[in-house]
Amino acid sequence: MDEITQLRLRKAIQNGLPLTQQPYLTLARELGLTEAQVMQTINDWQDDGLIKRFGLVVKHHNLGYKANAMVVWDIPNDKVDEVGELLSLCDAVTLCYQRPRQLPQWNYNLFSMIHGQDRDTVLQQLADIVQENGLSAFNRDVLFSYKLFKQCGGQYVQASTAQISKGLSL
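Just add 70 to wherever you are in the sequence shown, counting from 1, and you've got my numbering.
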């Protein structure tokens, strides 16, 4: 498969799979490929680490989950992997990742997202997580969202000026 066709396939899947009975066949037809070519290319990208996983972007507000909070944690560096693994196993945690501290202004190095129907539910879920996992010794803050500006999956393939000037359609 040539490079342009691969870019077109990457762009197509970053926007989500078609909601059809056979999404890979639908993609294949749109790109002038066979279903087997699409599936093999995606499998190759997964094997090579280009694609880690397929995910679903859930519009949680539309489902009645009006409160969400980023819980930021100050975890000792030698414990951050262990605590991150614990948090990632919690059903209420939808996102968990480590970032470097930005001292002296920002002491936090572990971030976890919790969604709930209201603030009290989120706070109760957090209290349960802390108690069930023995995390009470670690400093944390709860940052509730006030306004949703955008929610979508990552967009990694963009049509460049050079591609557009050459008449290549992505």
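Glycine included, every Cβ here is placed at the ideal spot set by N, Cα and C.
| Check | Outcome |
| --- | --- |
| Through-space distance from W176 to Q92, alpha-carbon basis | 47 Å |
| Residues near L196 by beta carbon distance below 7 Å, same chain, minus five either side | V141, I184, V212 |
| Coarse secondary structure for T231, derived from DSSP in three states | Since pLDDT at T231 reaches only 42, below the 50 mark, its modelled position is unreliable, and the value read off the structure follows with that caveat. Of the three classes helix, strand and coil, the one that applies to T231 here is helix, per DSSP. |
| Backbone secondary structure at I184 - three-state DSSP | strand |
| Simplified DSSP state of L159, which is helix, strand or coil | coil |
| Validate contact between the stretch 110-121 and the stretch 157-175 using beta carbons, cut 8 Å, 3 pairs | no |
| Contact under 7 Å by Cβ, R78 with L101 | yes |
| Closest residue to E152 among L205, K136, T191, M71 (Cα-Cα distance) | L205 |
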